[in-house]
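Just so you know, we're using my numbering here: the sequence shown kicks off at 2 and counts up by one. Encoded as C-alpha coordinates, the structure appears first; notes follow it.
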Amino acid sequence: RTLADGPWFAHGMTKTMMNQEWAMGLEELIESEAQAQAICMATQDFRRAFEAFAAKAKPAFEGN
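Dropping the structure here:
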(Lines of atoms letter the chains of each structure in order from A and count residues from 1; the text may use other names and numbers.)
(Lines give C-alpha, C1' and ligand atoms only; values in the text may rest on other atoms or scores of the structure.)
Protein backbone atom coordinates (compact mmCIF):
# COMPACT_ATOMS: atom_id res chain seq x y z
CA ARG A 1 0.00 0.00 0.00
CA THR A 2 1.32 3.44 -0.94
CA LEU A 3 0.29 7.05 -0.46
CA ALA A 4 -1.03 7.00 -4.02
CA ASP A 5 -3.63 4.44 -2.92
CA GLY A 6 -4.97 6.83 -0.30
CA PRO A 7 -7.21 9.88 -0.43
CA TRP A 8 -5.06 11.94 -2.78
CA PHE A 9 -7.32 15.02 -2.57
CA ALA A 10 -6.79 15.12 1.20
CA HIS A 11 -3.06 14.48 0.76
CA GLY A 12 -2.89 17.41 -1.66
CA MET A 13 -4.81 19.62 0.76
CA THR A 14 -2.40 18.67 3.55
CA LYS A 15 0.61 19.58 1.40
CA THR A 16 -0.97 22.90 0.42
CA MET A 17 -1.77 23.74 4.03
CA MET A 18 1.73 22.86 5.24
CA ASN A 19 3.24 25.12 2.58
CA GLN A 20 1.00 28.04 3.64
CA GLU A 21 0.74 27.67 7.41
CA TRP A 22 4.38 28.23 8.32
CA ALA A 23 3.82 31.96 7.78
CA MET A 24 0.48 32.21 9.63
CA GLY A 25 -0.33 33.32 13.14
CA LEU A 26 -2.09 30.89 15.46
CA GLU A 27 -5.63 32.23 14.97
CA GLU A 28 -5.29 32.32 11.18
CA LEU A 29 -3.75 28.84 11.21
CA ILE A 30 -6.63 27.37 13.24
CA GLU A 31 -9.23 28.98 10.95
CA SER A 32 -7.38 27.79 7.86
CA GLU A 33 -7.23 24.22 9.21
CA ALA A 34 -10.95 24.28 10.01
CA GLN A 35 -11.75 25.38 6.46
CA ALA A 36 -9.48 22.72 4.96
CA GLN A 37 -11.10 20.02 7.10
CA ALA A 38 -14.58 21.17 6.05
CA ILE A 39 -13.58 21.02 2.38
CA CYS A 40 -12.13 17.52 2.77
CA MET A 41 -15.18 16.31 4.70
CA ALA A 42 -17.44 17.40 1.83
CA THR A 43 -15.81 14.96 -0.62
CA GLN A 44 -17.13 11.59 -1.70
CA ASP A 45 -13.81 10.06 -0.62
CA PHE A 46 -14.54 11.17 2.95
CA ARG A 47 -17.97 9.51 2.82
CA ARG A 48 -16.42 6.31 1.44
CA ALA A 49 -13.76 6.35 4.16
CA PHE A 50 -16.33 6.97 6.89
CA GLU A 51 -18.60 4.18 5.66
CA ALA A 52 -15.67 1.79 5.27
CA PHE A 53 -14.47 2.58 8.79
CA ALA A 54 -17.94 1.92 10.21
CA ALA A 55 -18.11 -1.37 8.29
CA LYS A 56 -14.51 -2.28 9.26
CA ALA A 57 -13.67 -2.48 5.56
CA LYS A 58 -10.98 -0.98 3.34
CA PRO A 59 -12.07 2.23 1.55
CA ALA A 60 -11.77 2.56 -2.22
CA PHE A 61 -10.66 6.14 -2.85
CA GLU A 62 -11.49 7.71 -6.21
CA GLY A 63 -10.19 11.26 -5.77
CA ASN A 64 -13.53 13.01 -5.51
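C-beta atoms are modelled at their ideal positions from N, C-alpha and C, and glycine is treated no differently. Just so you know, these numbers come straight off a predicted model, no measurement behind them.
Secondary structure at W9: helix, using DSSP grouped into helix, strand and coil. Each residue's CA atom was taken as its position, placing F10 and N65 some 7 Å apart. M25: not part of any alpha helix (DSSP H); DSSP gives it neither H nor E. By the criterion of a C-beta distance shorter than 6 Å, A37 is surrounded in its chain by M14 and M18, once the five residues flanking it on both sides are discounted. In this structure, F54 keeps its C-beta atom at 8 Å or more from the C-beta atom of G7.
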